[in-house]
Ligand SMILES: [Zn+2]
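In our numbering, the protein residues as written are 30 to 322.
1) Residue 48 by DSSP, collapsed to three states: which one?
2) Have a look at the DSSP bridge pairing and note the partners of residue 293.
3) Out of curiosity, what's the CA-to-CA distance linking residue 30 and residue 53?
4) In chain order, what residues of the same chain have a beta carbon less than 8 Å from the beta carbon of residue 278, not counting five sequence neighbours either side?
5) Please report the distance separating the alpha-carbon of residue 136 from that of residue 69.
6) From which residue to which residue does the alpha helix (DSSP H) around residue 253 run?
7) Would you say the beta carbon of residue 303 is closer than 7 Å to some non-hydrogen atom of ligand 1?
8) Less than 7 Å separating the Cβ of residue 170 from some heavy atom of ligand 1?
9) Quick check: the region 212-221 against the region 96-104, are there 3 or more CB pairs under 8 Å?
10) For residue 84 and residue 293, I'd like the C-alpha separation in whole angstroms.
11) Is any non-hydrogen atom of ligand 1 found closer than 7 Å to the C-beta of residue 306, if you look at the structure I gave you?
12) Would you grab the beta carbon distance between residue 60 and residue 194 for me? Rounded to a whole angstrom, and I think it's under 8 Å.
13) Could you tell me the distance, in whole angstroms, from the CA atom of residue 312 to the CA atom of residue 268?
14) Can the beta-carbon of residue 207 be found less than 8 Å from the beta-carbon of residue 51?
15) Tell me whether residue 101 counts as near ligand 3, meaning its Cβ is closer than 7 Å to at least one heavy atom of that ligand.
16) On a Cα-Cα basis, can you pick out the residue from 201, 250, 227, 228 that is closest to residue 67?
17) What does the Cβ neighbour count give for residue 48, buried or exposed, with the cut at 16 atoms within 10 Å?
18) Confirm, please, whether the CB-CB distance from residue 74 to residue 164 is below 8 Å.
19) So is residue 121 in contact with chain D if we call contact Cβ pairs under 8 Å?
20) Please work out which residues of its chain come closer than 7 Å, Cβ to Cβ, to residue 127, disregarding the five sequence neighbours upstream and downstream, and give them in chain order.
21) Among 76, 63, 62, whose alpha-carbon lies nearest the alpha-carbon of residue 233?
22) Leaving out five residues on either side along the sequence, give the residues of the same chain with a beta carbon under 8 Å from the beta carbon of residue 257.
23) Would you grab the beta carbon distance between residue 353 and residue 86 for me? Rounded to a whole angstrom, and I think it's under 8 Å.
24) Name the DSSP bridge partner or partners of residue 39?
25) Label residue 210 either buried or exposed according to how many other C-beta atoms from any shown protein chain fall within 10 Å of its C-beta, with 16 as the threshold for buried.
26) Provide the residue span of the beta strand (DSSP E) that contains residue 118, from first to last.
27) For a test of the three-state rule: what should DSSP assign to residue 66, helix, strand or coil?
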């Protein structure tokens, strides 16, 4: 099936007493799967967290960044995602080949992660102190954990739905998610109608699989609440690593350490853990790097 490009949409609804965000991430999650060679359960865990990162990232101010770090005692280990307000995200898991038997017909993300902590870090520009929240993992299914974070740290009641559909050949067939938030002033009637509406909504991965865009997802979830679109933007995978940063890192490692790498390996090879990019730095470049030492 033809897939539309990944995009993120923000709306207000019910006279601005509700806020909705939806994102489709099929291409982004598939790209990350290929980069990290994740097995299905790990793909779902990382894909849901990337999707959540983009949704939360879109609530940031322009120059802020967000990190989501799940650390669990299950076979997956940890999930790490960075996102920003410009619709860019990157991420990795500790053990990408993690795959568990299905639980009630679904990929067992909670079992793969286990119990542990979710740390959310909001980094502000201009060297201001970052905001950091550390919460226990409540279900490990990611969506419920993000809702728990939004309620406890941001004091906003939120419904969070995240989904990744993995095909039998392990490729990602559909991914996306939505968050609906209840703002101050929402009536009890609006809240109970919304709860009923969300309970009726089919899984978000199924909607994306059927070709729904992020705009259509919100139109469905917020049907009857007169949603008004306030933003619509593309999202994409993006890593901040580059050769200069790798050289800075090698410089910080020190001449003796790098000299050791050259002798044993023939070159200094550095792999970016966020995107899997391999940087190989040879003798000539390293001589220049350490020429003033
Ligand atoms: Zn990278």
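We put the beta carbon where it would ideally sit given N, CA and C, even for glycine.
Computed from a prediction, not measured in an experiment: that's the story for all the values here.
Here's the rundown:
1) strand
2) Answer by DSSP bridge pairing: none, since residue 293 is not bridged.
3) Reliability of the predicted coordinates at residue 30 is poor, the pLDDT of 47 falling under 50, and the value obtained from them is presented with this limitation in mind. Cα-Cα distance, rounded: 15 Å.
4) 299.
5) Distance between the alpha carbons of residue 136 and residue 69: 7 Å.
6) Neither: residue 253 is in no alpha helix (DSSP H) and is coded neither H nor E.
7) yes
8) no
9) No, the region 212-221 is not in contact with the region 96-104.
10) 45 Å
11) yes
12) Contact annotation, residue 60 with residue 194: C-beta distance approximately 16 Å; criterion of less than 8 Å not satisfied.
13) 26 Å
14) Yes, these two residues count as a Cβ contact at 8 Å.
15) Of the ligands one can find in the structure shown, namely ligand 1, none is ligand 3.
16) 201
17) So residue 48 counts as buried.
18) no
19) Absent here is chain D; the protein component of the structure consists of one chain.
20) Closer than 7 Å at the Cβ level, and outside the excluded window around residue 127, lie 68, 70, 71, 104, 105, 141.
21) 76
22) 40, 41, 42
23) An answer regarding residue 353 cannot be provided, because it is not within the stretch 30 to 322 covered by the chain.
24) Beta-bridge pairing by DSSP links residue 39 to 50, 260.
25) buried
26) 117-122
27) coil
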